[in-house]
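A short write-up of the structure that comes next.
Structure representation (structure tokens):
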């Protein structure tokens, strides 16, 4: 079931996690975990819908299912670099082994989550990613786009 970030992130003080995964079982598991947590979940089934959500919403964390097709999470990582304020990418996989973990971290993903999801681990990663994302230095792209917005508003 696809749910837009706008519908599920009405409360500005909640952390929004975008889940790129068309599997209903994974979505249901994450909804159950997020229901008892300080974060909210938005899900999207396709790369294009995920990128559109990330373009129009300030979303700090993206879960990306690596089991859907080879190279999907790497593609998302590459395509997110063009965003002014990219989220941290967390790779999710039923085959989360040392090789995937090493590859993901070496290429720039934030972390790897094994499926089936463990509530404690999911919440730990979300909290950790949120703290790091909010305390990071803004990228040059974000600074430039912010400056452009100021120039447009004052013109």
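Numbering (the working numbering), first residue to last: 1 to 155.
By construction, the Cβ of each residue, glycine as well, lies at the ideal position given by its N, Cα and C atoms.
This structure is a prediction, so every number in the text was calculated from the model and none was measured.
Query                                                                                                                                  : Result
Run of the beta strand (DSSP E) containing residue 42, from where it starts to where it stops                                          : 39–44
Sequence ranges, alpha helix (DSSP H) only - wholly within the region 14–90, length at least 4                                         : 24–35, 47–56, 72–80
Inter-residue Cα distance where the pair is residue 80 and residue 124                                                                 : 23 Å
Per-residue burial, residue 82 [other beta carbons within 10 Å of its own, 16 or more giving buried]                                   : exposed
Close beta carbons around residue 22, own chain, < 7 Å, minus the five adjacent residues each side                                     : 45
Limits of the unbroken alpha helix (DSSP H) element including residue 129                                                              : 119–135
Contacts around residue 108, its chain only, beta-carbon distance under 8 Å, and the 5 residues preceding and following it disregarded : 77, 89
Span of the alpha helix (DSSP H) around residue 102                                                                                    : 98–107
Whether residue 132 touches residue 115 by CB criterion (9 Å)                                                                          : no
Best match in 48, 119, 32 for proximity to residue 20 [C-alpha to C-alpha]                                                             : 48
Proximity below 9 Å, CB of residue 117 to CB of residue 134                                                                            : no
Length of the line joining the Cα atoms of residue 55 and residue 70                                                                   : 24 Å
Exposure label - residue 25; buried when at least 16 CB within 10 Å                                                                    : exposed
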